[in-house]
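Trainee:
There are 2 protein chains.
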Amino acid sequence: MAGKDHVGGRKAVTLTEVARLAGVSVATASKALNGRSQVAARTRARVLQAAEQLSFVPNTLAQGLLVGRTGTVGLLTSDLQGRFVIPILMGAEDAFGAGRVNVFLCDARGDTIREQHQLKALLSRRVDGLIVVGSRTDSRPSVGHDLPVPVVYVYAPSDDPEDLSLVPDNVAAGRLAVEHLISCGRSRIAHVTGDPSYAAAQDRVTGALAALDAAGLELVGEVMYSEWSERWGRDATAVLLERYPDIDAVLCGSDQIARGALDTARDQGRKVPGDIAVIGFDNWDEMVTNSRPELTSIDPNLQLLGRSAAQRVFAALDGEEMGKGVHTQAPRLVIRGSTVARR
Amino acid sequence: MAGKDHVGGRKAVTLTEVARLAGVSVATASKALNGRSQVAARTRARVLQAAEQLSFVPNTLAQGLLVGRTGTVGLLTSDLQGRFVIPILMGAEDAFGAGRVNVFLCDARGDTIREQHQLKALLSRRVDGLIVVGSRTDSRPSVGHDLPVPVVYVYAPSDDPEDLSLVPDNVAAGRLAVEHLISCGRSRIAHVTGDPSYAAAQDRVTGALAALDAAGLELVGEVMYSEWSERWGRDATAVLLERYPDIDAVLCGSDQIARGALDTARDQGRKVPGDIAVIGFDNWDEMVTNSRPELTSIDPNLQLLGRSAAQRVFAALDGEEMGKGVHTQAPRLVIRGSTVARR
DNA sequence: CACGAAACAGAAAAGGGTTTCGGTCTTTTC
DNA sequence: GAAAAGACCGAAACCCTTTTCTGTTTCGTG
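So the sequence lines, in the order shown, correspond to chains A and B.
Residue numbers are given in UniProt numbering: position 56 of the first sequence equals residue 56, and the series is strictly consecutive.
Residue numbers are given in UniProt numbering: position 183 of the second sequence equals residue 183, and the series is strictly consecutive.
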């Protein structure tokens, strides 16, 4: 008997066994366990005790077969590795966890074939909904328009305007950053950012330039594009300080670049934030709290984004209209020592 | 018809509908789709075409109901946030993805009640196996001994020796680090590490001391414990350099601490690796490649750990003996510029 | 005591797929 | 020409749970 299902374990208990032990029919057992009213108190107690004794757990799959809902959602990501996916995932898992929904996690590793495969697997599991999470804010191909379940795209929007996409508002983020720098009394602001092929980079530039324009200011020099690394932050800032020694703020396209900027400023004896203010994007905890000084950053509120996605799927399940188009999530400014001196 | 299931979608297609379209019984349709031999070639073609036309996807749940297997595995983590869980998760998801197993992801947020809840949910979903991932290498309470499915603990071992646990070998890691420093000609080695309540910290110390002992050396000063942060790395290294100016290597308990050490060394004009070698643990990509110089580190091979866990569950499903006790995963030394000068 | 009304228990169907078994139709062989 | 063999298809059972509907018992009341 042992070792039949697996070593040391027993097969899962079914309602039939509970009913037999309690000496009732499965129908009665079901009603007793689900609090239906057509069961005598004594009978109910007997059933409950039997269920307890066998540590019975109802088979959600069989339940789902009846109801037509599985209470599961597929979360299809293209890049788990990436920092941005995790907070989104947590937000979604959190929102779902509250109701009794479980999440299937699939990582396509950025491979389209693989993604199709995973998609099919999820549909065959009859997920009630689908959340597609990308690793860049650039638009991505839709997974299809006439799927039997609602789909929400997060972080990376779908290229099909009929789909619903939830993305961080990087234009607002750029604007917010510059407004903060200006409010700190800065006026000679330079911008070092990452890979120009990223929509995130372009959007932040757009927002930053708009905010500068609104204040009657201009960016110092050209936007410096390259890669999202500390190294580039260091190198670019070195060039910047040589070419424009009088800048009083560096707007950095990511927290990593910002850390590089802080390092170079420090190396060259420029005080932060006294001589130069530095601000980053992403509010990546480890980067932001370990630098000297701690880094002011724009938080894209990714966890909220994940939660919203989950709520949208919930709503769609309840028959609500799904909505479409790209919706943005407002960012949040987190002020630390790199722009405002600590008393 | 539209908007019945959800906006813009259609209900999932069942085998019955395919059979009707093909003009055969469900039995025949099933056999045709599954390559059974008792179907005429022409009939089979008709069924396949019908399935194609309706884009039929078989209901894995219904299949699982028959077979008694769902082809799903629960992955129960206590802390998704943590850096260590993700690589493990990826390794497992990867290994499972190859076979047709899908992963339910649950995050208990470090809450025991919540964990029990999730566990019950997973069992009610009839997962075929369970992987429990912790965020520290300290042992954790077993989720129970007589569950109807095989369970593997990863990173954080179970406190029940009857359970199977897979953990990184931190003793070996400590040893490996010191051996590397010695092989680089270092002999005056100090150790700055994190929170002493972490088994990881203690184990690495054990390994390090053993390696020193084997080489006839002694640690310079006491082990310096505090927290796993860059700040502590900086402060501790400053103290160290003042108290023992002649040290030629700092063994750091994490990559973060090591980055702090690098910063302080740089501030004080000590050349790395010329004057002082620095080595960290975890091989955390962003930390390790962005420092000046790049950081030598011990990689705990977490992805392999996740993969092993998946394979163990697979094996158990195939009726193999589960095994028990704590098994360790050998670490890997990754040499970079902080211990060996780049030509 | 008899009748109606509750109260309670159980049989059966449903949900989607697979499999077994039995039946029909065609083909081969003597 | 008849019997045996094979090829092919379909009815029905099964997995597990819920729900509806029917049947039985008990109780209260006239």
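All C-beta atoms, glycine included, are put in the ideal place defined by N, C-alpha and C.
As the structure is a prediction and not an experimental result, all values here were calculated from the model.
If the cut-off is 9 Å on Cβ atoms, which residues from the region 89-117 of chain B count as contacting chain A, listed in chain order?
Mentor: L89, M90, E93, D94, G97, R100, N102, V103, F104, L105, C106, D107, R109, R114, H117
Trainee: For the putative contact between G74/B and L164/B, defined by C-beta atoms under 8 Å, what is the C-beta separation to the nearest angstrom?
Mentor: That pair is no contact at about 15 Å.
Trainee: So, is T264/A buried or exposed, given that buried needs 16 or more other C-beta atoms within 10 angstroms?
Mentor: buried
Trainee: Any idea if H191/A is buried or exposed, counting beta-carbon neighbours within 10 angstroms, 16 or more meaning buried?
Mentor: buried
Trainee: Taking only beta-carbon atoms, is L227/B less than 8 Å away from chain A?
Mentor: Note on identity: in this sequence residue 227/B is Glu, with Leu being the wrong assignment. Not an interface residue.
Trainee: Touch check for the region 217-227 of chain A and the region 189-208 of chain A: three-plus C-beta pairs under 8 Å?
Mentor: Touching, yes, given that three or more Cβ pairs across the two stretches are closer than 8 Å.
Trainee: Is R42/A close to chain B? Criterion is C-beta to C-beta, closer than 8 Å.
Mentor: Chain B contact via Cβ: absent.
Trainee: Buried or exposed, going by whether 16 or more other CB atoms sit within 10 Å of the CB of G274/A?
Mentor: G274/A should be labelled exposed.
Trainee: Determine whether the beta carbon atoms of residue 346/A and R136/A lie at a separation below 8 Å.
Mentor: Examination of residue 346/A is not possible in this model, given that chain A is present from 1 through 343 alone.
Trainee: Could you give the C-beta distance for N290/B and Q256/A, rounded to a whole number, given that I count them as a contact under 8 Å?
Mentor: Rounded to the nearest angstrom, the Cβ distance from N290/B to Q256/A is 7 Å, consistent with a contact under 8 Å.
Trainee: Can you confirm whether P148/A, when its beta carbon is compared against all beta carbons of chain B, has any partner nearer than 8 Å?
Mentor: Judged by the 8 Å Cβ criterion, P148/A is in contact with chain B.
Trainee: Look at the Cβ atom of F104/A, then the Cβ atom of N59/B, and state whether they are nearer than 8 Å.
Mentor: If you check the CB distance, F104/A and N59/B do not come in under 8 Å.
Trainee: Taking only three categories from DSSP, how would you classify G56/B?
Mentor: The sequence as given places Phe at residue 56/B; Gly does not occur at that position. Note: F56/B maps to coil in three-state DSSP.
Trainee: Does the CB of N283/A have a neighbour CB from chain B at under 8 Å?
Mentor: no
Trainee: Counting only the same chain and skipping the five closest in sequence on each side, list residues whose C-beta sits under 6 Å from that of A211/A.
Mentor: Answer for A211/A: R175, V178, E179, listed in chain order.
Trainee: I think D138/A touches Y198/A, with their Cβ atoms under 8 Å apart; what is that distance to the nearest whole Å?
Mentor: Going by Cβ atoms, the distance from D138/A to Y198/A rounds to 7 Å, so yes, they are a contact pair.
Trainee: Quick check on V67/A: buried or exposed, where buried means 16 or more other Cβ atoms within 10 Å of its Cβ?
Mentor: exposed
Trainee: What residue range is occupied by the uninterrupted beta strand (DSSP E) comprising I75/B?
Mentor: A small fix is needed here, since residue 75/B is Leu in this sequence, not Ile. Run containing L75/B: 72-77, per the beta strand (DSSP E) assignment.
Trainee: Short of 7 Å Cβ to Cβ, which residues in the UniProt domain "HTH lacI-type" (13-67) of chain B face chain A?
Mentor: V57, P58, N59, T60, L61, A62, G64, L65
Trainee: Run the CB neighbour count on G64/B, radius 10 Å, all protein chains shown included, and call it buried at 16 or more, exposed below.
Mentor: buried
Trainee: Could you name the residues of chain B that K11/A contacts, counting a contact when the two beta carbons are closer than 9 Å?
Mentor: Those are G68, P148, listed as they occur along chain B.
Trainee: Distance cutoff 8 Å, beta carbons only. Does S124/A sit that close to anything in chain B?
Mentor: yes
Trainee: Taking the C-alpha atoms as reference points, what is the distance between G71/A and R100/A?
Mentor: 7 Å
Trainee: May I ask you to list, following chain order, the residues of the region 293-318 of chain A that have a beta carbon less than 8 Å from some beta carbon of chain B?
Mentor: A316, L317
Trainee: Can you give me the C-alpha to C-alpha distance between T237/B and G337/B, rounded to a whole angstrom?
Mentor: 19 Å
Trainee: Is R136/B near the ligand MG, with its Cβ less than 7 Å from a heavy atom?
Mentor: For the ligand MG, the structure offers nothing, since it holds no ligand at all.
Trainee: Leaving aside the five residues before and after K324/A along the sequence, list all residues of the same chain whose C-beta is less than 8 Å from its C-beta, in chain order.
Mentor: P161, E162, D163, L164
Trainee: Output the boundary residues of the beta strand (DSSP E) element that contains H145/B.
Mentor: Run containing H145/B: none; DSSP gives neither H nor E here.
Trainee: Out of V57/B, I88/B, L33/B, T77/B, point me to the one whose CA is closest to E115/B's CA.
Mentor: T77/B
Trainee: Who are the Cβ neighbours of residue 344/A in its own chain at under 6 Å, not counting the five residues just before and after it?
Mentor: Because chain A in this structure spans residues 1 to 343, residue 344/A falls outside the shown range and cannot be described.
Trainee: What residues of chain A sit near K120/B, judged by a beta carbon separation below 9 Å?
Mentor: V57
Trainee: For P87/A, I'd like the list of residues in its chain whose CB is within less than 6 Å of its CB, leaving aside the five on either flank, ordered along the chain.
Mentor: L302, Q303
Trainee: Judging by CA-CA distance, which residue of G97/B, A249/B, M287/B, A40/B is the nearest neighbour of I182/B?
Mentor: A249/B
Trainee: To be precise: take each residue of the region 225-254 of chain A, compare its Cβ to all Cβ atoms of chain B, and keep it if any distance is under 7 Å. Which residues remain?
Mentor: S229, E230, R231
Trainee: When you compare the CB of I257/B with every CB in chain A, is at least one pair closer than 8 Å?
Mentor: no
Trainee: Mapping the DSSP letters down to three states, classify S25/A as helix, strand or coil.
Mentor: In the three-state scheme derived from DSSP, where H, G and I count as helix and E and B as strand, S25/A is classed as coil.
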